[in-house]
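S.K.:
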Amino acid sequence: MFTAASVARGGRRVRVLESKPQFEPAPRTLIVTDQFRSQMGASARESIVNEIRRFELFTDGRSAQVALTKPDLIIERSRLIPALAREAQQAGANLSFDTRFLGIGPNARGLRLEVETGGQREELHADSVVGADGAASRVARASGWPPIETVPLVQAIVRLPKDCPPDTTRVWFVPDDTPYFYWLIPESAERGAVGVIGENGGDTKRCFERFLEKKHMEPLEWQGARIPVYRGWVPVRRQIGNGEVYLVGDAAAQVKVSTVGGIVTGFRGALGVAQALLQNGKSQELGALRRELGTHWLIRRALHRFQQKDYSELVDLLDASTRQSLGEINRDESTRLLWSVVRRQPRLVLLGLRGLLMGKTEKN
Ligand SMILES: Cc1cc2nc3c(=O)[nH]c(=O)nc-3n(C[C@H](O)[C@H](O)[C@H](O)COP(=O)(O)OP(=O)(O)OC[C@H]3O[C@@H](n4cnc5c(N)ncnc54)[C@H](O)[C@@H]3O)c2cc1C
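Now the structure itself:
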């Protein structure tokens, strides 16, 4: 939708195909950095439901707090998607619901698409196609991209614990349960989203249920899906005959693999593809996004084999000046953040290198 709006504003004819019969997106509580504000138009900014001013990190009885200079934003996906749809329509894009993409091939001028609309098969023609159809992208498979790896994410809406302020996100590192982490994100003074990312669906659910029980949190609603794991840049363009196909968002694994957040990076990918479509394949944004995703991949590799003692050491090393860097620079500017943190706490480099080497030793 974001690509559609940008390309339509650039004067191209755009049609958006959505397999769902209408926009009634399931509610989903999402956390994004302040960068989201500068990416979005005014109406999409109305999806912001709360602001986060502090992070609390926990591991094995230890804790550290990071105060954010610019608050993180809590957004509600069921508000964001209709707002993006309105912006795309206002820019001149045509939206077709209940229209599922099935297949693609070359024709004399560009591309021939097979779609199913209201139960009927139909053929469409286009010069360019953008696949923004999520982690299991059919556009990507039909155009010859290999499948991407995914991990399970489970989230439950709970009553916000009394001791948790509504402007504070909590993160727990429990490496025996997951190489990623658990979180609690307040969406209001009453409710929050607690969740986990794991590696195996069954184990992740079991660990999550145990965690909820231990923390005396009762699920009111469940949210979940599989999230792509970024393991290197997915080239976003392929030529089919005289036509071109692009991928955007989860379809191209444009997800920060350190925290498994795909909103800000997905929008950067969407902007990059819009630039490429309007500027004969040229886009500065895609190069910058590739560097950003690469830094998160490096951080994930350093953290992924961390054991309890490594997380304990990590939290102990977060002194006042390191916490200041973490609070001042957001995680969507990871290279600047990484340099600032290691300059202030060089021992973190050794810890990170140990993590990277542990990963290597296991592979060998
Ligand atoms: C529970 C949960 C919590 C999350 N929390 C965060 C968070 O806090 N912060 C963050 O940054 N990220 C978070 N993420 C990740 C983030 O939601 C995704 O990265 C993002 O939604 C990807 O957007 P997308 O548009 O690429 O794909 P999707 O949101 O998957 O959209 C794909 C669209 O394509 C349509 N479609 C699919 N197949 C077809 C077809 N064949 N024909 C036509 N249409 C089709 C679908 O109906 C859908 O509308 C979370 C994900 C989950 C599941």
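Position one of the sequence shown corresponds to residue 181 (the numbering used here), numbered consecutively onward.
Just so you know, even glycine gets a beta-carbon here, dropped at the ideal spot from N, CA and C.
By Cβ distance below 8 angstroms, which residues in the same chain neighbour residue 392 in space, the five residues on each side in sequence not counted?
M.R.: So the list reads 336, 338, 374, 398 and 399, once near-sequence residues are dropped.
S.K.: Is residue 525 near ligand 1, with its Cβ less than 6 angstroms from a heavy atom?
M.R.: Because no heavy atom of ligand 1 lies under 6 angstroms away, the Cβ of residue 525 does not count as near it: no.
S.K.: Quick one: what's got a C-beta closer than 6 angstroms to residue 286's C-beta in the same chain, skipping five residues either side?
M.R.: So the list reads 420 and 421, once near-sequence residues are dropped.
S.K.: Between residue 202 and the rest of its own chain, which residues show a CB-CB distance below 7 angstroms, the 5 nearest in sequence each way excluded?
M.R.: Taken in chain order, the residues that qualify are 277.
S.K.: Could you compute how far the alpha carbon of residue 474 sits from the alpha carbon of residue 448?
M.R.: Approximately 14 angstroms, taken between the alpha carbons.
S.K.: Runs of 3 residues minimum, wholly inside the region 264–349: which ones carry the beta strand (DSSP E) assignment?
M.R.: DSSP runs (the beta strand (DSSP E)) wholly in the region 264–349: 274–276, 279–286, 291–297, 300–306, 308–311 and 330–339.
S.K.: Within 10 angstroms of its Cβ, does residue 230 collect 16 or more other Cβ (buried), or is it exposed?
M.R.: It is buried - the Cβ of residue 230 has at least 16 other Cβ atoms within 10 Å.
S.K.: Roughly how far, in whole angstroms, is the beta-carbon of residue 428 from the beta-carbon of residue 418, given that I think they are within contact range, below 8 angstroms?
M.R.: With 8 angstroms as the limit, residue 428 and residue 418 do not qualify as a contact, their Cβ atoms being about 13 angstroms apart.
S.K.: What are the start and end residues of each continuous beta strand (DSSP E) run of 3 or more residues lying completely inside the region 382–464, in chain order?
M.R.: Listed in chain order, the complete beta strand (DSSP E) runs (minimum 3 residues) inside the region 382–464 are 401–408, 417–420 and 423–427.
S.K.: Using DSSP with H/G/I as helix, E/B as strand and the rest coil, what is residue 186?
M.R.: In the structure shown, residue 186 sits in a helix (DSSP, three-state: H, G or I).
S.K.: Look up residue 203 in the DSSP assignment and say whether it is helix, strand or coil.
M.R.: Looking at residue 203 - three-state DSSP - the assignment turns out to be coil, as it is neither helix nor strand.
S.K.: CB of residue 298 to nearest heavy atom of ligand 1: below 6 angstroms?
M.R.: Checking the Cβ of residue 298 against ligand 1 gives no.
S.K.: For residue 521, which residues of its own chain have a beta-carbon under 8 angstroms away from its beta-carbon, when the five flanking residues on both sides are left out?
M.R.: So the qualifying residues of the chain are 502, 505, 506 and 528.
S.K.: Under a three-way DSSP split, which group does residue 262 fall into?
M.R.: Three-state DSSP puts residue 262 in a helix.
S.K.: Could you check where the alpha helix (DSSP H) with residue 146 kicks off and where it finishes?
M.R.: The structure shown has nothing for residue 146, since the chain only spans 181 to 544.
S.K.: Is the region 483–492 touching the region 347–356 in the sense that three or more CB pairs, one from each, lie closer than 8 angstroms?
M.R.: Judged by Cβ distances under 8 angstroms, the region 347–356 makes contact with the region 483–492, as three or more pairs qualify.
S.K.: Report yes if the C-beta of residue 368 is less than 6 angstroms from at least one heavy atom of ligand 1; otherwise report no.
M.R.: Checking the Cβ of residue 368 against ligand 1 gives no.
S.K.: Could you have a look at residue 208 and say whether DSSP puts it in helix, strand or coil?
M.R.: Three-state result, residue 208: coil.
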